[in-house]
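**Q** In our numbering, the protein residues as written are 11 to 202.
Even for Gly, the Cβ is constructed at its ideal location relative to N, Cα and C.
As the structure is a computational prediction, the values presented were derived from the model and not from experiment.
(1) Just confirm the distance between the C-beta atoms of residue 118 and residue 78, as a whole number of angstroms; I'd bet it's less than 8 angstroms.
(2) For residue 146, which option in 197, 41, 128 has the closest C-alpha, if you only look at C-alpha atoms?
(3) Applying the criterion that 16 or more other CB atoms from any shown protein chain within 10 Å of the CB defines a buried residue, is residue 109 buried or exposed?
(4) Below 6 angstroms CB to CB, which residues in the same chain sit around residue 43 once its five sequence neighbours on both sides are set aside?
(5) Based on the DSSP secondary-structure assignment, which residues constitute the bridge partners of residue 40?
(6) To the nearest angstrom, how far is the alpha carbon of residue 196 from that of residue 69?
(7) Between which two residues does the beta strand (DSSP E) containing residue 145 stretch?
(8) What does DSSP give as the partner residue(s) for residue 173 in the beta ladder?
(9) Report the partner residues of residue 185 according to the DSSP bridge assignment.
(10) Ends of the alpha helix (DSSP H) at residue 80?
(11) Using a Cβ cut-off of 9 angstroms (strictly closer), state whether residue 159 contacts chain C.
(12) Measure from the alpha carbon of residue 213 to the alpha carbon of each residue in 116, 45, 54, 167, then state which is nearest.
(13) Looking at residue 143: is its Cβ nearer than 9 angstroms to the Cβ of residue 172?
(14) Take the Cβ of residue 41 as the centre, count every other Cβ of all protein chains shown within 10 Å, and call the residue buried at 16 or more, exposed below.
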């Protein structure tokens, strides 16, 4: 099978930034779903490696779910996901409700902001706008980033764009998405 390629590179916008170039190959057919998933995984990885978040995204999510619950994080609870109504009183009568600390509130705020940013990387967005590049800026302000990672998608569009995606969620399709995300992270490791 022919392979589609994508580049991940750190580009210098000022004299103090270093340039890093890494080619990342993903197996054909390259769908918008596959590219969006791979980009989200790369962003999660870079945020953790560059110490922008205290733990990996998935570890942070799991820890917050355990301590503050899905409602505080803006996620549907298990009961809401099943379609059953949550009871108005979630704890036994007379039991004290655990107070959320300021550290937990800050972590929830960070998670919500990251989740919103990652939520922008959708297959629909990639198909609609066909961006030639996707950039991740790291630093104290967006106007003066310390690091900038640019994912070039121009070669993909030069080859005819995205392959059509079968709407079924087969185990092979889920495995291909997971493999693409892991491959992007694995091939970016030496570059970052």
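**A** To lay it out plainly:
(1) As a first step, residue 118 is located in the chain shown; it is residue number 108 there, counting from the start. As a first step, residue 78 is located in the chain shown; it is residue number 68 there, counting from the start. Confirmed, Cβ separation roughly 6 angstroms.
(2) As a first step, residue 146 is located in the chain shown; it is residue number 136 there, counting from the start. Ranking 197, 41, 128 by Cα distance to residue 146 puts 128 first.
(3) Taking the chain shown and counting its residues from 1, the one referred to as residue 109 is at position 99. By the neighbour-count rule (16 or more Cβ atoms within 10 Å), residue 109 is not buried but exposed.
(4) The sequence position of residue 43 within the chain shown is 33, counting from 1. Within the same chain, residue 43 has close Cβ partners 133, 175.
(5) Taking the chain shown and counting its residues from 1, one reaches residue 40 at position 30. Looking at the DSSP assignment, residue 40 forms no beta bridge with any residue, so it has no partner.
(6) For this step, residue 196 is matched to residue 186 along the chain shown. For this step, residue 69 is matched to residue 59 along the chain shown. Answer to the nearest angstrom: the Cα atoms are 19 angstroms apart.
(7) For the purposes of this step, residue 145 is taken as the residue at position 135 of the chain shown. It spans 143-148 - the beta strand (DSSP E) in which residue 145 sits, taken as one unbroken run.
(8) Working through the chain shown from its first residue, we reach residue 173 at position 163. In DSSP, residue 173 forms a bridge with 41.
(9) Position 175 of the chain shown holds residue 185. Note: residue 185 sits in no beta bridge, so no partner.
(10) Numbered from its first residue, the chain shown carries residue 80 at position 70. Segment 79-83, the alpha helix (DSSP H) holding residue 80.
(11) Reference to chain C is not applicable here, since this structure consists of a single protein chain.
(12) This structure cannot speak to residue 213, because the chain is shown only from 11 to 202.
(13) The residue you call residue 143 lines up with position 133 of the chain shown. The residue you call residue 172 lines up with position 162 of the chain shown. No, the pair does not count as a contact, with Cβ atoms beyond the cut-off.
(14) Along the chain shown, read from residue 1 onward, the residue named residue 41 stands at position 31. The residue in question, residue 41, is buried, as its Cβ has 16 or more Cβ neighbours within 10 Å.
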